[in-house]
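Q:
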Amino acid sequence: MDILLEANLSTEALIIILVCTIPVAFLIIMAIINTVRLTKKRKAIREAAISEQPLDEEQQKIFYEVYGGLENIKSIRKEARRVIVQVSDLDKVNLEKLPELGATGVLVVADEVRASFSDRADYVYNLIKIEAEEK
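Throughout the sequence shown, residue numbering follows numbering that gives the first Met the number 0, covering 0 to 134 in sequence.
1. Roughly how many angstroms separate the alpha carbons of Asn125 and Ala24, rounded to a whole number?
2. Answer yes if the stretch 64-74 comes into contact with the stretch 31-49, meaning at least three C-beta pairs across the two stretches below 8 Å, and no otherwise.
3. Within the continuous alpha helix (DSSP H) that includes Leu97, where are the two ends?
4. Let me make sure I understand the geometry here. Which of Ser74, Leu100 and Leu26 has the alpha-carbon closest to that of Ala120?
5. Does the Cβ of Ala109 have 16 or more other Cβ atoms within 10 Å, making it buried, or fewer, making it exposed?
6. Three-state secondary structure (DSSP) at Ala120?
7. Buried or exposed, going by whether 16 or more other CB atoms sit within 10 Å of the CB of Ala30?
8. Could you tell me the distance, in whole angstroms, from the CA atom of Pro98 to the CA atom of Ser117?
9. Per DSSP, Ile83 is paired with what?
10. If Leu89 sits next to Val107, beta carbons under 8 Å apart, how far is it from one beta carbon to the other, in whole angstroms?
11. Quick check on this structure: which residue in Glu95, Val123 and Gln59 has the alpha carbon closest to the alpha carbon of Ala79?
12. Please identify the residue among Ile21, Gly68 and Ile44 whose C-alpha is closest to the C-alpha of Lys128.
13. Given this structure, state the Cα-to-Cα distance separating Leu17 from Thr34, to the nearest angstrom.
14. Does DSSP put Val92 in a helix, a strand or coil?
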């Protein structure tokens, strides 16, 4: 307490500061908790909507054409927000058309075409994998 008195701070000023900062800190913590909860809830709703979305056969054909046809697709997998398609012949793949279909980034590694589709990655993966797995 001697240090506080030497610094010309009274105990009343210290109490006022504590009384003001504790509720503000509490409100900030509550706001962060609510934001995290809402984000998780929105993500669950978005994922449910994507999984329930009916598959569009016309769009499916467009994706097969972009990847050089169903026979050109060796395998497909999804990592986070990226769809990775292994192809037989890379020359048959229309890389310029992928951004038009919603890909935010396209990367070619050896015989794999890695396309980032953000929130649509699950939908695109399910769209391509159905017949590709039956092949």
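Ideal placement from N, C-alpha and C gives every residue a C-beta, glycine not left out.
A: Working from what's here:
1. 45 Å
2. no
3. Lys96 to Glu99
4. Leu100
5. exposed
6. helix
7. exposed
8. 12 Å
9. Arg76 and Arg113
10. 7 Å
11. Val123
12. Gly68
13. 26 Å
14. coil
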